[in-house]
Amino acid sequence: MPELVEVETVRRALEPVLHGARITAAAVMHPRTARRNERPDDVAERLVGRRVTAVDRHGKFLLCPLDEDLLWVIHLGMSGRVTVVSPESPVERHTRFRSATDRGDEIRLVDPRTFGFVAVFTPEEAKRSSLAKLGPDALTALPPTRLLARTLEGRRAPIKALLLDQRVLAGLGNIYADEVLHRAGIDPLRAGGDLDVADVERLRRSIRPVLEEGLRHGGTSLDDLAYLLPDGRAGEFLTRLRVYGREDQPCLRCGTPIIRRVVAGRSTYSCPSCQR
DNA sequence: AACGATCCCTGTTGGC
DNA sequence: TGCCAACAGGGATCGT
Numbered sequence: 000m001p002e003l004v005e006v007e008t009v010r011r012a013l014e015p016v017l018h019g020a021r022i023t024a025a026a027v028m029h030p031r032t033a034r035r036n037e038r039p040d041d042v043a044e045r046l047v048g049r050r051v052t053a054v055d056r057h058g059k060f061l062l063c064p065l066d067e068d069l070l071w072v073i074h075l076g077m078s079g080r081v082t083v084v085s086p087e088s089p090v091e092r093h094t095r096f097r098s099a100t101d102r103g104d105e106i107r108l109v110d111p112r113t114f115g116f117v118a119v120f121t122p123e124e125a126k127r128s129s130l131a132k133l134g135p136d137a138l139t140a141l142p143p144t145r146l147l148a149r150t151l152e153g154r155r156a157p158i159k160a161l162l163l164d165q166r167v168l169a170g171l172g173n174i175y176a177d178e179v180l181h182r183a184g185i186d187p188l189r190a191g192g193d194l195d196v197a198d199v200e201r202l203r204r205s206i207r208p209v210l211e212e213g214l215r216h217g218g219t220s221l222d223d224l225a226y227l228l229p230d231g232r233a234g235e236f237l238t239r240l241r242v243y244g245r246e247d248q249p250c251l252r253c254g255t256p257i258i259r260r261v262v263a264g265r266s267t268y269s270c271p272s273c274q275r
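The first sequence lines up with residues 0 to 275 when you count with numbering that gives the first Met the number 0.
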């Protein structure tokens with residue numbers, strides 16, 4: 000599934016393709032994909048003729064600043080995939096968006112479940128959008144322990160739910176939240192406000208290594224339907240997961256069977272012995 | 001304000 | 001074998 004690691008992998012692949020390129024054509028192929036723009040027609044109209052000045056990321060959002068002070072936003076949702084192909088390349092099933100550059104590349108969003116979207120915002124629109132509510136990026140702007148502890152203070156929601164809340168920290172999704180909590184030795188169901196400073200410190204120190212290990216392996220491809228690298232390869236992190244999807248299998252640290260529970264409406268995997 | 005539940009989507013899976 | 005309900009989940013929205 001596309002979480003921070005997968006989006007960052009896509010960003011790194013897109014940067015040399017898009018940075019400095021001019022968009023020569025754009026088309027939204029499915030109305031739902033443009034739903035985040037107040038005027039859906041703006042997406043294609045605003046893109047054509049613009050130059051991409053940077054390829055950035057905040058949490059799970061891919062952010063491409065354009066000239067004319069516009070911001071091109073791509074979110075992969077849960078089944079979105081960005082492909083870089085030649086314009087003659089056959090259009091894959093579930094292609095929701097296409098754009099061409101003056102360098103002869105075509106950038107497409109293939110997204111069967113249409114949870115992803117493409118938007119082009121003015122600065123004012125960006126400020127009104129959910130982008131403005133995102134917390135600090137979990138990889139590039141991880142807050143110091145005391146600040147993170149302050150954020151969690153008094154919160155009664157399970158720490159797993161808080162890690163999934165993009166306003167608390169931007170980028171973690173269901174897979175990496177479970178992996179981080181296992182590495183930190185924290186029970187996903189504990190209330191955020193119950194964590195003491197030592198817990199928060201372990202939590203904070205677990206985030207970067209888990210994300211960086213994911214990045215080294217090209218992210219997590221659960222199956223060939225969902226996330227793939229832009230060149231079509233599958234990410235290899237699936238085989239390195241310690242808890243996610245491993246119900247009843249032995250904990251790789253202590254051998255206790257991994258359990259599955261539902262937290263915040265999401266499958267949550269943990270070791271009942273290592274995580275307290 | 002915080003929190004849990006529900007909904008949006010469609011390909012895949014598992015039970016009968 | 002075939003059918004269909006259940007499941008997966010990021011984020012918006014709604015009710016409490």
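Glycine is no exception: its CB is placed at the ideal position from the N, C-alpha and C atoms.
Give the C-beta separation of residue i and residue j to the nearest angstrom, bearing in mind that I take them to be a contact with Cβ-Cβ under 8 Å.
{"i": "R259", "j": "E246", "result": "4 Å"}
{"i": "S269", "j": "D186", "result": "7 Å"}
{"i": "A24", "j": "V47", "result": "6 Å"}
{"i": "T82", "j": "R107", "result": "5 Å"}
{"i": "S205", "j": "A183", "result": "4 Å"}
{"i": "T144", "j": "V196", "result": "7 Å"}
{"i": "V42", "j": "R10", "result": "Actually they are not in contact, since the Cβ atoms of V42 and R10 sit about 20 Å apart, beyond 8 Å."}
{"i": "G234", "j": "G218", "result": "3 Å"}
{"i": "K159", "j": "L180", "result": "6 Å"}
Around the C-beta of residue i, are 16 or more other C-beta atoms found within 10 angstroms, so that it is buried, or is it exposed?
{"i": "T8", "result": "buried"}
{"i": "H203", "result": "First, the residue type needs correcting, since residue 203 is Arg and not His in the sequence shown. Buried, because 16 or more other Cβ atoms sit within 10 Å of the Cβ of R203."}
{"i": "L146", "result": "exposed"}
{"i": "C250", "result": "buried"}
{"i": "E152", "result": "exposed"}
{"i": "T299", "result": "Since the first residue of the chain shown is 0 and the last is 275, residue 299 is not available in this structure."}
{"i": "V262", "result": "buried"}
{"i": "S88", "result": "exposed"}
{"i": "E2", "result": "buried"}
{"i": "V167", "result": "buried"}
{"i": "A131", "result": "exposed"}
{"i": "C273", "result": "buried"}
{"i": "E178", "result": "buried"}
{"i": "L224", "result": "With a pLDDT of only 47 at L224, under 50, the local geometry of the prediction cannot be trusted, and no value is derived from it."}
{"i": "V242", "result": "buried"}
{"i": "S129", "result": "exposed"}
{"i": "Q165", "result": "buried"}
{"i": "V6", "result": "buried"}
{"i": "K59", "result": "buried"}
{"i": "V27", "result": "buried"}
{"i": "D68", "result": "exposed"}
{"i": "R56", "result": "buried"}
{"i": "A33", "result": "buried"}
{"i": "A137", "result": "buried"}
{"i": "R97", "result": "buried"}
Can you tell me where the beta strand (DSSP E) with residue i in it begins and where it stops?
{"i": "L70", "result": "L70 to H74"}
{"i": "H29", "result": "Looking at the DSSP string, H29 is not in any beta strand (DSSP E), and its letter there is neither H nor E."}
{"i": "P122", "result": "P122 -> not in any beta strand (DSSP E); alpha helix (DSSP H) instead, spanning P122 to R127."}
{"i": "V84", "result": "R80 to V84"}
{"i": "F60", "result": "F60 to P64"}
{"i": "T113", "result": "That residue, T113, is in no beta strand (DSSP E); it is neither H nor E in DSSP."}
{"i": "A269", "result": "Sequence inspection shows Ser at residue 269; the Ala mentioned does not correspond to that position. Run containing S269: R265 to S269, per the beta strand (DSSP E) assignment."}
{"i": "P56", "result": "First, the amino acid is wrong: residue 56 is Arg here, not Pro. Element bounds for R56: D55 to H57."}
Any idea what DSSP makes of residue i, helix, strand or coil?
{"i": "T94", "result": "strand"}
{"i": "H181", "result": "helix"}
{"i": "D247", "result": "coil"}
{"i": "I257", "result": "coil"}
{"i": "E105", "result": "strand"}
{"i": "D40", "result": "coil"}
{"i": "D164", "result": "coil"}
{"i": "L237", "result": "helix"}
{"i": "Q274", "result": "coil"}
{"i": "A99", "result": "strand"}
{"i": "R34", "result": "coil"}
{"i": "A156", "result": "coil"}
{"i": "A190", "result": "strand"}
{"i": "A20", "result": "coil"}
{"i": "A137", "result": "coil"}
{"i": "R50", "result": "strand"}
{"i": "L224", "result": "Confidence is the limiting factor: at L224 the pLDDT is only 47, short of 50, which leaves the residue's position unreliable, though a coordinate-based value still follows. L224 falls in the coil class under three-state DSSP."}
So the alpha helix (DSSP H) residue i belongs to, where does it begin and stop?
{"i": "T144", "result": "T144 to L151"}
{"i": "V209", "result": "V196 to R215"}
{"i": "P15", "result": "L3 to L17"}
Inter-stretch contact at 8 Å, needing at least 3 Cβ pairs: the region 92-108 / the region 2-20: yes
Report yes or no: do the region 155-162 and the region 117-124 share at least 3 C-beta pairs separated by less than 8 Å? no
Counting pairs of beta carbons, one from the region 164-178 and one from the region 201-218, are three or more of them closer than 8 Å? yes
Three or more C-beta pairs below 8 Å linking the region 108-116 and the region 73-90: yes
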